[in-house]
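Student:
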Ligand code: UDP
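In the numbering used here, the protein residues as written are 1 to 401.
#1: What does the Cβ neighbour count give for residue 203, buried or exposed, with the cut at 16 atoms within 10 Å?
#2: Of the residues 240, 237, 151 and 232, which one's Cα is nearest the Cα of residue 263?
#3: Using the beta-carbon count (16 or more within 10 Å), is residue 410 buried or exposed?
#4: Just checking my contact of residue 75 with residue 2 at CB under 8 angstroms: how many whole Å lie between their CB atoms?
#5: My output table needs one value for residue 176: the three-state DSSP class, helix, strand or coil.
#6: Quick check on the burial criterion: 16 or more other C-beta atoms within 10 angstroms. Buried or exposed for residue 284?
#7: The beta strand (DSSP E) with residue 338 in it runs from where to where?
#8: Hey, residue 296 and residue 312 are a contact pair by Cβ (cut 8 angstroms); roughly how many whole angstroms apart?
#9: When the Cβ atoms of the segment 210-223 are set against those of the segment 238-253, are three or more pairs found closer than 8 angstroms?
#10: If you follow the alpha helix (DSSP H) that residue 30 is part of, which residue opens it and which one closes it?
#11: If we count the other Cβ atoms within 10 Å of its Cβ and call it buried at 16 or more, is residue 403 buried or exposed?
#12: Where does the unbroken alpha helix (DSSP H) through residue 258 begin, and where does it stop?
#13: If you scan the segment 262-323 from start to end, which runs of the alpha helix (DSSP H) of 4 or more residues do you find wholly inside it?
#14: Once the 5 residues before and after residue 46 are set aside, which same chain residues still bring their CB inside 6 angstroms of it?
#15: Comparing the CB of residue 305 with every heavy atom of the ligand UDP, is any distance shorter than 7 angstroms?
#16: Helix, strand or coil for residue 65, going by three-state DSSP, please let me know.
#17: If you draw a straight line from the alpha carbon of residue 4 to that of residue 347, how long is it in whole angstroms?
#18: Would you call the segment 150-170 and the segment 374-384 touching, i.e. three or more CB-CB distances under 8 angstroms?
#19: If you draw a straight line from the C-alpha of residue 21 to the C-alpha of residue 44, how long is it?
#20: Do the segment 47-58 and the segment 30-37 touch if we need at least three Cβ pairs shorter than 8 angstroms?
#21: Spatial neighbours of residue 239 within its chain, please: C-beta separation below 7 angstroms, excluding the five flanking residues on both sides.
#22: Please go through the segment 114-157 and give each complete beta strand (DSSP E) segment of 3 or more residues, from N-terminal end onward.
#23: Out of 371, 321 and 372, point me to the one whose CA is closest to residue 350's CA.
#24: If you check the beta carbons only, do residue 324 and residue 309 fall under 8 angstroms apart?
#25: Does the Cβ of residue 355 have 16 or more other Cβ atoms within 10 Å, making it buried, or fewer, making it exposed?
#26: Looking only at C-alpha atoms, which of 182, 185, 191 and 25 sits nearest to residue 171?
#27: Check for me: the alpha helix (DSSP H) holding residue 215 runs from which residue to which?
#28: Please indicate yes or no: does the CB of residue 283 lie closer than 7 angstroms to some heavy atom of the ligand UDP?
#29: Using the three-state DSSP reduction, which class does residue 208 fall into: helix, strand or coil?
#30: Since residue 106 sits in a beta bridge, which residues does DSSP pair it with?
#31: Taking the alpha carbon of residue 286 as the reference point, which residue from 266, 199, 223 and 367 has its own alpha carbon closest?
#32: Note down the Cα distance separating residue 108 from residue 128, rounded to an integer number of angstroms.
#33: Could you tell me which residues DSSP pairs with residue 47 in its beta bridges?
#34: Would residue 201 and residue 370 be called neighbours here (beta carbons separated by less than 8 angstroms)?
#35: So, at 6 angstroms on beta carbons, what are the nonlocal neighbours of residue 114 in its own chain, with the 5 sequence-adjacent residues on each side left out?
#36: Taking only three categories from DSSP, how would you classify residue 388?
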């Protein structure tokens, strides 16, 4: 099948860890690779955010990345990209008419949904949408700090009714969309996958002090990831070090305002010597960080899906997770990890302390976590389920006698 993946701000080729570069980039890269490996023809359309980028690049994994000229050829925060979506859409229509017409367009994030729907309607291409994050949830948690464009929630609701199919990634997302007014019958649940070759228990391990338990936490350095709560939990977890992977590259961490806030919190909690902010790690180094951990913590305020718990599980690491969003589906409480309430350093500290003191339970969680990741979350499985969705919305091809 010819599949277009639209991911306006999140390029599969981006360096991850920065403010707008995380799970969606990984998801789109892995999905494109899995579809290509299954024999489909895949083009990923993402905004051209640098003059150095050629229009089209062939990724080693067998798909093509097309850099769409929409807006300035420089980095632009995702919350200010909305005005460029009509140009994105127009460009797609021209390309799809002239060159290569996809049988289905799968949009990632609501703004991509707008660009894809505008193009799909004109070019006769059905559109599938994965939101990855919802404006209602963001507004609830971030309030006035939410910088999303004013009409986001209305656009998201309208898209849910207008696209050919909505792909949701967790039970929590189903609930949120139903509450917004998107009919359940328009949705198919397909959780994200995890790359089981990259993320496995066996392989190189990052350096660590064998005498000191390691608590690892991973993600973009933004407030809602809850790193501040992990640091506040640390006084209750004797001796453990907390390693935070993500944010700007290692050399630039000290200049990052959020990193500075985290350091100040660590100092005020008396744990500055036990917190390491290592900065962004390239995707190919992530597994060695996970393998070096005794426990992975994912303590976000909210989380549409949450790839890092799944990556940790696939590497055989028990997870202590906040009971929010997709984490409630991936982490089975008492079987592959522990779930705690979000924004609750006391509960997090107690869970970490208990788990670090119990190597039998860690071993049992780790074993069950690897099994669960392998059985339920391979990319091949996710891609197969998505291809079924694509096939169901594909328009019949006209046969010329
Ligand atoms: N990641 C990475 N390097 C970093 C930090 C994160 O490669 O320094 C990757 C991580 O392995 C995961 C993704 O970025 O694949 C984060 O996805 P998640 O769903 O946890 O969070 P999001 O960024 O979508 O909020």
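Even for Gly, the Cβ is constructed at its ideal location relative to N, Cα and C.
Tutor: In this structure, then:
#1: The residue labelled residue 203 in the question sits at position 203 within the chain shown. With fewer than 16 Cβ atoms within 10 Å of its Cβ, residue 203 is classed as exposed.
#2: The residue you call residue 263 lines up with position 263 of the chain shown. Measuring from the Cα of residue 263, the nearest candidate turns out to be 232.
#3: The structure shown has nothing for residue 410, since the chain only spans 1 to 401.
#4: In the chain shown, counting from the first residue as 1, residue 75 sits at position 75. In the chain shown, counting from the first residue as 1, residue 2 sits at position 2. Actually they do not touch by this definition, with Cβ atoms about 30 angstroms apart.
#5: Against the chain shown, residue 176 aligns to sequence position 176. Helix, per DSSP.
#6: Start at 1 with the first residue of the chain shown, and residue 284 comes out as number 284. The residue in question, residue 284, is exposed, as its Cβ has fewer than 16 Cβ neighbours within 10 Å.
#7: If you number the chain shown from 1, residue 338 lands on position 338. Taken as a continuous stretch (DSSP letters only), the beta strand (DSSP E) holding residue 338 covers 337-340.
#8: On the chain shown, residue 296 is found 296 positions in, with the first residue counted as 1. On the chain shown, residue 312 is found 312 positions in, with the first residue counted as 1. At roughly 4 angstroms, the Cβ-Cβ gap stays under 8 angstroms, so residue 296 and residue 312 are in contact.
#9: yes
#10: In the chain shown, counting from the first residue as 1, residue 30 sits at position 30. That run of the alpha helix (DSSP H) goes 23-37.
#11: Only positions 1 to 401 of the chain appear in this structure, which leaves residue 403 out of reach.
#12: Position 258 of the chain shown holds residue 258. Run containing residue 258: 257-268, per the alpha helix (DSSP H) assignment.
#13: 286-291 and 307-314
#14: Sequence index remark: in the chain shown, residue 46 carries index 46 (1-based). Excluding residues within five positions, the ones whose Cβ falls inside 6 angstroms are 7 and 11.
#15: Taking the first residue of the chain shown as 1, we reach residue 305 at position 305. Yes, the Cβ of residue 305 comes within 7 angstroms of a heavy atom of the ligand UDP.
#16: Here residue 65 refers to the residue found at position 65 of the chain shown. Residue 65: strand per DSSP, three-state reduction.
#17: As a first step, residue 4 is located in the chain shown; it is residue number 4 there, counting from the start. As a first step, residue 347 is located in the chain shown; it is residue number 347 there, counting from the start. When rounded, the distance between both Cα atoms is 44 angstroms.
#18: no
#19: In the chain shown, residue 21 corresponds to position 21, counting from 1. In the chain shown, residue 44 corresponds to position 44, counting from 1. Approximately 16 angstroms between the Cα atoms of the pair.
#20: no
#21: As a working mapping, residue 239 is identified with position 239 in the chain shown. Answer for residue 239: 212 and 213, listed in chain order.
#22: 127-130
#23: In the chain shown, counting from the first residue as 1, residue 350 sits at position 350. The residue with the shortest Cα to Cα distance from residue 350 is 321.
#24: In the chain shown, the residue the question calls residue 324 occupies position 324. In the chain shown, the residue the question calls residue 309 occupies position 309. Taking 8 angstroms as the Cβ cut-off, residue 324 and residue 309 do not qualify as a contacting pair.
#25: By 1-based counting over the chain shown, the position of residue 355 is 355. So residue 355 counts as buried.
#26: As a position in the chain shown, residue 171 is number 171, starting the count at 1. Residue 191 is the option with its Cα nearest to residue 171.
#27: Numbered from its first residue, the chain shown carries residue 215 at position 215. Careful: residue 215 lies outside any alpha helix (DSSP H), inside the beta strand (DSSP E) at 214-218.
#28: Here the question's residue 283 lines up with position 283 in the chain shown. Checking every heavy atom of the ligand UDP against the Cβ of residue 283, one is found closer than 7 angstroms.
#29: On the chain shown, position 208 is the one that residue 208 refers to. Coil at residue 208, not helix or strand.
#30: Taking the chain shown and counting its residues from 1, one reaches residue 106 at position 106. The partner list for residue 106 (beta bridge, DSSP) reads 5 and 128.
#31: Translated into the one-based positions of the chain shown, residue 286 becomes position 286. Considering only alpha carbons, the answer is 199.
#32: Numbered from 1 along the chain shown, position 108 holds the residue referred to as residue 108. Numbered from 1 along the chain shown, position 128 holds the residue referred to as residue 128. Going from the Cα of residue 108 to the Cα of residue 128 covers about 9 angstroms.
#33: Reading the chain shown from its first residue, position 47 is the one you call residue 47. DSSP lists 68 as partners of residue 47.
#34: Position 201 of the chain shown, counting from 1, holds the residue named residue 201. Position 370 of the chain shown, counting from 1, holds the residue named residue 370. In contact: residue 201 and residue 370 (Cβ atoms closer than 8 angstroms).
#35: One-based indexing of the chain shown puts residue 114 at position 114. Here the set comprises 85.
#36: Locating residue 388 in the chain shown gives position 388, where the first residue counts as 1. Residue 388: helix per DSSP, three-state reduction.
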